[in-house]
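Residue numbers (this note's numbering), protein chains in the order written: chain C, -4 to 274; chain L, -4 to 274; chain F, -4 to 274; chain B, -4 to 274.
Note that CB positions come from ideal geometry on N, CA and C, so glycine has one too.
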């Protein structure tokens, strides 16, 4: 009766200080390893002979990190996934998920500091490598990129029914927290860090400049721009919560709200998601 | 280039006080509505004529809740999903997701209080109804059921490689926070609340009594017990994080740890998941 | 220029399994240790000779927990505070703060299970022992006790000014999450667990039965009841956020809201706090 | 028996778009209002005649925000506190607490965008104005400034006892999340925004450049630098959790850890706090 199953170790906190002569570099990642394969004996009979302990997976991450340059999450994910796929118990599928906790250099008199860092916070970059005997699938993404535009955003001309009380808005605040995942189709040896930064730039620029008729409309423009400008991306999935900013009614106090005063709300929120794929 | 897309309103906080003559009842739910269908015009051209505002979805939840008895999340999810599927813009798929925030009566001199309640916290019950022209799919579940057993749990005889340092454990703490989702296959008019409570009882009882050789082993036993005892369930998916409790080494202080003193850790954690389906 | 200072270890996760012949008991606490005293040399000159490492504080908690029966957080806090006050570097004040993560037994066929437990969640019990050469101060409390009453709650006849739009409410929902701290004045050898349970019962019963004219009014009644019924308590501080439940306007949909349908909101919230002291 | 008491509204989410001709500016704050005074009648008898509803406090924040330039949290806090102190019910003390949610401009082709913003996240700036008939007390601060240095940090030569297992570290990672609060002593009309930015710069620069013998040592240096460079600050309180980074033992795998591979831990953590006051 067992159908799918997978197991592994999550929340492996890995920090590496790369001690170059002139300055240090920091890699601060959370790594997760998951294996799929024939583990029926463990499930059904409690036979652990083919079960690699999740504690060993954790050890492996630290040991391999000490010998890998950690150039990018993608390159380390590729190396880790190869190791686990080729080692006992020879699983059929390995997934390595990574999240980057970014650090910037603290500004100092003579430029960015060599060994003191500041966590910018808020946003994180993600990568996931899934590997089977057929090959590797590389997904990257970002989470928690919170953005807002106070011009060039409307929502009007929508469908109305008996439960509709919303009025047309021709000039509203559009605020969201971007969750993006894109799939690379251009091989296993790309300039991962540069690409991720460029894709983020495309998302931001499109959001800022788009003349938005709805969240859906801007989401589509953002996804299209990524597919147009970045040939390495085969598909992108975007989730944009609509973080509503409601104008406050100041009339009871004899004041006019000239589209200036808003209450930022958490609940309820719109939730818009779509996948765009190269046609 | 647009492939999948969906949109809706999440985080709709709904509280209903059902004022019976002798005592009040509380329904405290968070509801989400999502529609899928042909929304290409909105995405690609910013044409909102077929877009039902998410604000209207929220209004609809409150309006329908005032006329529905709210017997269960499943019954209300079925009613809501029918309304949205049959209303403009006639989407192809509707998903209603619900989370229950439970309230118990405060104990009073003459028994449970008629109108004063206590939130037990920790755990929540979930339901999701997905409806298309072909029919409705009803999933239920629970999240955050945190349990621990201090006997009858081992992990030994596992695969070892050069990165393995873990030792066999014949008597360890097994702690987890159960996430469960099951799919009903027995129609749209079941005793949803009773069933959910009975399935939770089966999960708890099996966890407590199982002689565990691993998390996988106990997960399998829990899923099998649900399928065996509850004919209405066609499939169950369980996710059991292994919330490690590490014995503290007291030798440096001239003390012996007789398997009594542990540190409870959050990271890293094992993550075991599987789906069991009626064969 | 250094005035106050203190340092210590927080977040020490301590789990002890007390293995009685017939059944196990669990203590699951988070402990914090803080020392105050003359640490100017460490601050001003980087001289650590009088600095006991916070790592040692953690070790001490585990070592002493292995030899202490852990009857209550208060009794263990008293023992730990005595140890640190009397050990080098002979601090002038020691504070031990403890938080209890409760576990209940899983119900089984023959009664509560001997070694399988369920975390009820939501609410936690707290204790803090502060010790100086003059003696020990014992504070206890609870956090996150979320309660609601759907009858016997009003708010009317309040002060109005030009910014007031709120209307009198004669029958409203009153929901809050109690944060309570009380100071014991009856010595260092009380029945701590029983007392804490009884005080919680008094808080709940008073909340449930009180005919509430405001949050302030009920807060006062709850505090007074504790001081009246529990002679060991010299002072109690209560913080009651007003977790607003707003009636939904159903008129636009041709429906009447008979005080039944509410939206539960997180922000903004009222915040009412007061200390009651034995007169 | 009632001793201290206070009440008010917290979590008031205020967003103002300042629509200048060439570009928009955003103020995104969470505001809390609290009043203290003679509210015994409300507490003891449920008489609300002197109770200004917390809903009115919220309305007042929005109404006054529409007429105030919102130059800084401090200036708006001063205006709000004056209003409440001078209005019925004439409280004896008013506290306005504010938290800033920062927004940066999205970079665009022609420079920073005029109306599109990015939330940098992570860190927040705080202000609190407390006003009585005697005058106003202005505190400012920051929270969540997460920083790390991978050089010039040691901890050695500390006190040892039978529970000490920690070894001297001459080159360790020092990571912390700064919580700072400082008290202004230079009047009510300072350049609040510039000052807060400059103080933050001083904290960062001192952290980066200090040759650290302990967290206490660096905390002291950071506080002293603020008092030395910023005459407007009369007192500063710093709380620096020690976010431990533990070197991973790679010996079991035949590898050497050249002070490069660390596990970042959340619990337990050191907690160091001190107040420095102008002598």
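**Report entry** Secondary structure, alpha helix (DSSP H): runs of 4+ residues fully inside the region 7 to 57 of chain L
**Finding:** 35 to 40
**Asked** By a C-beta neighbour count over all protein chains shown, 10 Å radius and 16 as the cutoff for buried, is residue 157 of chain B buried or exposed?
**Response** In the fourth chain, the residue the question calls residue 157 of chain B occupies position 162. When all chains shown are included, residue 157 of chain B counts as exposed.
List, in chain order, every chain L residue whose beta-carbon is nearer than 8 Å to that of residue 222 of chain C.
Counting from one through the first chain, the residue named residue 222 of chain C turns up at place 227. Per Cβ cutoff of 8 Å: -4.
Among C/5, C/-3 and C/51, nearest to residue 33 of chain C - alpha-carbon criterion | Counting from one through the first chain, the residue named residue 33 of chain C turns up at place 38. That would be C/-3, whose Cα lies nearest to the Cα of residue 33 of chain C.
### Close-in-space but distant-in-sequence residues of the same chain around residue 18 of chain B (CB under 7 Å, 5 per side omitted)
Translated into the one-based positions of the fourth chain, residue 18 of chain B becomes position 23. Closer than 7 Å at the Cβ level, and outside the excluded window around residue 18 of chain B, lie 109 and 110.
Quiz item: Where do the ends of the alpha helix (DSSP H) carrying residue 177 of chain C lie?
Solution: For the purposes of this step, residue 177 of chain C is taken as residue 182 along the first chain, with counting starting at 1. Unbroken run through residue 177 of chain C is the beta strand (DSSP E), 169 to 179; no alpha helix (DSSP H).
ask   = Taking buried to mean at least 16 other C-beta atoms within 10 Å of its own C-beta, is residue 85 of chain C buried or exposed?
value = Residue numbering aside, residue 85 of chain C sits at position 90 when the first chain is read from its first letter. Label assigned to residue 85 of chain C: exposed.
Tell me where the beta strand (DSSP E) around residue 228 of chain F begins and ends.
Mapped onto the third chain, residue 228 of chain F falls at position 233. First-last of the beta strand (DSSP E) with residue 228 of chain F: 228 to 237.
**OP:** Give me the Cα-Cα distance between residue 249 of chain F and residue 58 of chain L, rounded to the nearest whole angstrom.
**Re:** One-based indexing of the third chain puts residue 249 of chain F at position 254. One-based indexing of the second chain puts residue 58 of chain L at position 63. The straight-line gap from Cα to Cα measures roughly 9 Å.
Does DSSP put residue 212 of chain B in a helix, a strand or coil? Counting from 1 along the fourth chain, the entry for residue 212 of chain B is found at position 217. Helix.
Review point. Does the beta carbon of residue 4 of chain F sit closer than 8 Å to a beta carbon anywhere in chain B?
Key: In the third chain, the residue the question calls residue 4 of chain F occupies position 9. Closer than 8 Å to some Cβ of chain B, the Cβ of residue 4 of chain F qualifies, so yes.
- Message: Which same chain residues end up closer than 7 Å to residue 155 of chain F when comparing Cβ atoms and leaving out the 5 residues on each side of it in sequence?
- Response: Taking the first residue of the third chain as 1, we reach residue 155 of chain F at position 160. Excluding residues within five positions, none has a Cβ falling inside 7 Å.
>> Measuring alpha carbon to alpha carbon, tell me which residue in C/228, C/197, C/235 and C/169 is nearest residue 242 of chain C.
In response: Residue mapping note: residue 242 of chain C aligns to position 247 of the first chain, counting from 1. Selected option, being the one with the closest Cα: C/169.
- Query: Using DSSP with H/G/I as helix, E/B as strand and the rest coil, what is residue 97 of chain C?
  - Reply: In the first chain, residue 97 of chain C corresponds to position 102, counting from 1. Reduced to three states, the DSSP call for residue 97 of chain C is coil.
*Rounded Cβ spacing between residue 276 of chain F and residue 0 of chain B (contact assumed at less than 8 Å)*: For residue 276 of chain F there is no data in the structure shown, the boundaries of chain F being -4 and 274.
Residues that residue 115 of chain B contacts on chain C, provided the C-beta gap is smaller than 8 Å: Translated into positions along the fourth chain, residue 115 of chain B becomes position 120. Near residue 115 of chain B (Cβ distances below 8 Å), the residues of chain C are 115, 116 and 117.
Next on the checklist: So that I know if they touch, is there some Cβ in chain L lying closer than 8 Å to that of residue 22 of chain B?
Outcome noted: Locating residue 22 of chain B in the fourth chain gives position 27, where the first residue counts as 1. With 8 Å as the cut-off, residue 22 of chain B does not count as an interface residue toward chain L.
- Query: Ends of the alpha helix (DSSP H) at residue 262 of chain C?
  - Reply: Working through the first chain from its first residue, we reach residue 262 of chain C at position 267. First-last for residue 262 of chain C: undefined, no H or E at that position.
- Express the C-alpha separation of residue 193 of chain B and residue 54 of chain F in angstroms, rounding to a whole number. Indexing the third chain from 1 puts residue 54 of chain F at position 59. Indexing the fourth chain from 1 puts residue 193 of chain B at position 198. Distance between the alpha carbons of residue 54 of chain F and residue 193 of chain B is about 41 Å.
Residue 50 of chain C, buried or exposed, once every other Cβ within 10 Å from all chains shown has been counted against 16: Walking along the first chain from the start, residue 50 of chain C turns up at place 55. Label assigned to residue 50 of chain C: buried.
Practice task
Tell me, please, whether the region 141 to 148 of chain F touches the region 169 to 178 of chain F by the rule of three or more beta-carbon pairs shorter than 8 Å.
Solution key: yes
*Using DSSP with H/G/I as helix, E/B as strand and the rest coil, what is residue 1 of chain C?*
Stepping through the first chain from its first residue, residue 1 of chain C is reached at position 6. Looking at residue 1 of chain C - three-state DSSP - the assignment turns out to be strand.
What does a CB cutoff of less than 7 Å around residue 3 of chain B pick up in its chain, not counting 5 residues either side in sequence? On the fourth chain, position 8 is the one that residue 3 of chain B refers to. Around residue 3 of chain B: 27, 28, 29, 30, 49 and 52.
Which residue's Cα is closest to the Cα of residue 225 of chain L: L/165, L/273 and L/132? Taking the first residue of the second chain as 1, we reach residue 225 of chain L at position 230. It is L/273 whose Cα lies nearest to the Cα of residue 225 of chain L.
ask   = Roughly how many whole angstroms lie between the Cα atoms of residue 271 of chain C and residue 36 of chain L?
value = One-based indexing of the first chain puts residue 271 of chain C at position 276. One-based indexing of the second chain puts residue 36 of chain L at position 41. Approximately 14 Å, taken between the alpha carbons.
Practice problem: With distances taken Cα to Cα, identify the nearest neighbour of residue 56 of chain B among B/259, B/45 and B/93. | Solution: By one-based count along the fourth chain, residue 56 of chain B stands at place 61. Closest by alpha carbon: B/93.
- Task: Whole angstroms is fine: what's the gap from residue 174 of chain F's alpha carbon to residue 190 of chain F's?
- Result: Translated into the one-based positions of the third chain, residue 174 of chain F becomes position 179. Translated into the one-based positions of the third chain, residue 190 of chain F becomes position 195. C-alpha separation (whole angstroms): 17 Å.
Just the chain C side, please: which residues come within less than 8 Å of residue 80 of chain L by C-beta, in chain order?
If you number the second chain from 1, residue 80 of chain L lands on position 85. Under the 8 Å cutoff, chain C gives no residues; its nearest Cβ is about 14 Å from residue 80 of chain L.
DSSP state of residue 69 of chain F, grouped into three classes?
-> In the third chain, the residue the question calls residue 69 of chain F occupies position 74. The answer is helix: DSSP assigns residue 69 of chain F an H, G or I state.
message: Residues of chain F with CB closer than 9 Å to the CB of residue 274 of chain B, please, in chain order.
response: Counting from one through the fourth chain, the residue named residue 274 of chain B turns up at place 279. Correct list: -4.
Open item on the list: Just checking residue 112 of chain F against the ligand FMN - is the residue's beta carbon closer than 7 Å to any of the ligand's heavy atoms?
Closed with: Here there are no bound small molecules, and the ligand FMN is not part of this structure.
* Asked: By DSSP, does residue 60 of chain L sit in helix, in strand, or in coil?
  -> Counting from one through the second chain, the residue named residue 60 of chain L turns up at place 65. Reduced to three states, the DSSP call for residue 60 of chain L is helix.
Return the chain-ordered list of same chain residues with a C-beta closer than 6 Å to the C-beta of residue 20 of chain B, the five sequence neighbours on each side being excluded.
-> Stepping through the fourth chain from its first residue, residue 20 of chain B is reached at position 25. Same-chain partners within the cutoff: 13.
Note to self: I'd like to check one pair, residue 198 of chain F with residue 278 of chain L: are the Cβ atoms closer than 8 Å?
What the structure shows: Because chain L spans -4 through 274 in this model, residue 278 of chain L falls outside it and cannot be assessed.
**Prompt:** Span of the beta strand (DSSP E) holding residue 141 of chain F?
**Reply:** Mapped onto the third chain, residue 141 of chain F falls at position 146. Per DSSP, residue 141 of chain F belongs to the beta strand (DSSP E) from 130 to 144.
Give the secondary structure of residue 120 of chain F by DSSP, where H, G and I count as helix, E and B as strand, and everything else as coil.
-> Your numbering for residue 120 of chain F matches position 125 in the third chain. Residue state, collapsed to three classes: strand.
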